Every structure is written in structure tokens, then in C-alpha cells.
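In this note's numbering, the protein residues as written are 67 to 322.
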């Protein structure tokens with residue numbers, strides 16, 4: 067019988083401090099944690115893929131830590147376009163200083179996690195400029211044998227949703243990331259958030275998965291109008307590594 071899989075839990079876009087459509091993000095994250103704790107197998111590691119808060123205040127980050135504490139997992143976090151690098155770095159003890167990109171690698175045992183900062187301070191769209199692709203290429207080269215997940219906020223996809231493609235990852239950054247992936251076959255998956263929807267695509271032959279928000283979800287609209295929230299359920303993801311194969315599962319939950 068195969069050993070139990072290694073489970074990487076991903077939550078995203080918790081947006082603590084927001085007040086969209088009167089919904090309470092703290093309550094939504096609380097319900098997410100309750101749903102995770104009801105799973106029959108405990109997760110082994112946790113990544114939070116950006117937009118932890120709405121305003122980037124120390125108080126909001128402390129509240130995130132409090133709400134995910136029952137999971138008893140060290141949160142490996144990366145910034146989204148609503149986060150602020152300095153307060154995020156200080157709250158979670160992340161490497162670097164000032165406005166340096168918040169990117170780092172974590173050895174999780176059977177799996178390696180790379181948190182890649184795709185944000186542009188003050189902007190909604192994403193980029194991998196300022197040496198980030200070179201950093202990624204070098205970091206991937208340090209461990210070529212272990213299955214690796216790259217987590218970022220902006221999914222490196224063309225979503226076909228005009229409102230999100232307008233604030234997505236820059237095309238030249240997406241192309242550059244594809245070139246890096248081609249040199250590193252150990253990368254099993256690229257996971258992201260930002261779009262508040264499940265979207266699956268590929269880049270350089272690797273699956274790219276964006277996951278739902280624990281807060282509110284974006285309506286599926288292929289017209290170039292403003293982003294609208296929907297009544298779709300919130301969710302999180304479990305990425306399961308078993309016998310060298312990584313499988314991604316999205317689980318929804320009731321927020322109220």
C-alpha cells in the first residue's frame with residue numbers, strides 16, 4: 067500500500083479588512099479553517115497566496131495569524147496587490163527588507179515550495195521584473211531533484227476574462243517564466259490566486275491553477291465590463307503529492 071500523500075494546503079485572497087457587498091472576511095476565513103479541520107487527513111503545510119488583507123495594516127496581518135492558528139501550520143505567505151511588503155514581511159518574519167520582492171524557497175520534506183512575489187507596489191497588475199526571473203532560475207537550480215510547487219499571486223495565464231487579463235501578469239513576465247520552467251522539469255505545478263475563481267491552464271507544459279478566494283468569488287464574464295462578485299461558494303485547495311505525482315483538489319465550503 068502506498069504511503070499517505072503529502073498535503074499542501076493553499077488558501078488565498080482572504081482580504082481581511084474588506085467590506086465587499088456587506089460580507090465579513092473574518093467570518094469567511096473562520097469558516098474556511100473550520101472546513102479544513104473537518105477534513106479526514108490533516109494538511110502538512112500551508113501557503114497563503116496573496117491578498118491576505120485589504121489595507122496591509124499590522125493589525126490585519128495579526129488577525130490573519132490568529133484566524134489560521136487552529137490549523138497548527140506555519141503560514142508560508144506571499145504578497146498580493148492589496149498587501150504591503152514591509153508589514154507583511156515583519157508580521158511573518160520573511161527575508162529581505164524594504165521594498166525588495168518577497169520571494170523565498172521552503173523545503174517541506176518531500177516537496178519544495180517557492181513563494182514568488184509577482185506584485186508591483188501600488189499597482190493591481192503583476193510583473194516578474196527587477197531580477198525576479200533570474201532569482202527564480204537560480205533558486206530552482208539549487209535543487210533539481212525534488213518536486214517543486216511555485217506559488218504566486220497573479221496566475222501566469224491568459225484567462226480570457228478581459229477585466230482580469232487587464233490586471234494580470236505582464237505578457238513578457240509570463241513568457242519569461244515559461245522559459246525558466248522549460249529549464250526546470252522538477253516544477254510540478256504553478257498555483258495562484260488573484261482572480262477569485264478556479265481557472266486551470268498551462269505554461270511550458272506545466273499545469274497552472276488559480277483557486278477561489280475564502281471571501282467572495284468573481285462572476286464568470288467574458289465581456290470587458292467591471293468585475294462583479296457572484297454567489298459562488300468560497301473555497302481552498304489541497305495539493306496532494308503521492309508517489310511522485312502531484313494532484314490538485316479544490317474544496318468549497320459554506321461561508322455562513
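The C-beta atom is built at its ideal place from N, Cα and C for all residues, glycine as well. Because the structure is a prediction, the values reported are computed rather than measured.
Asked: Inter-residue CB distance, residue 276 and residue 265 (contact presumed, cutoff 8 Å); Found: 5 Å
Asked: Endpoints, the beta strand (DSSP E) within which residue 276 is located; Found: 272-276
Asked: Ordered list of beta strand (DSSP E) runs contained in the region 209-279, each at least 3 residues; Found: 214-217, 253-258, 265-269 and 272-276
Asked: Closest by C-alpha distance to residue 299, when choosing among 143, 229 and 262; Found: 262
Asked: Rounded separation between residue 157 and residue 128 - CA only; Found: 7 Å
Asked: Cβ-Cβ separation, residue 228 to residue 290 (assumed contact under 8 Å), whole Å; Found: 4 Å
Asked: Beta-carbon contacts of residue 99 that lie in its chain and below 8 Å, excluding the five residues immediately before and after; Found: 133, 134, 136 and 137
Asked: Residue 257 versus residue 286: straight-line alpha-carbon distance, rounded; Found: 20 Å
Asked: Distance CB(residue 279)-CB(residue 220) smaller than 8 Å; Found: no
Asked: Contact the region 95-115 vs the region 241-249: 3+ CB pairs below 8 Å; Found: no
Asked: Spatially closest choice to residue 162 from 112, 212 and 144, by CA coordinates; Found: 144
Asked: Meets three-Cβ-pair contact criterion under 8 Å: the region 79-89 and the region 111-119; Found: yes
Asked: Whole runs of the beta strand (DSSP E) within the region 71-157, excluding any shorter than 3 residues; Found: 72-77, 111-115 and 141-144
Asked: Chain-order list of residues whose beta-carbon lies under 7 Å from that of residue 205 (same chain, five-residue window excluded); Found: 171 and 180
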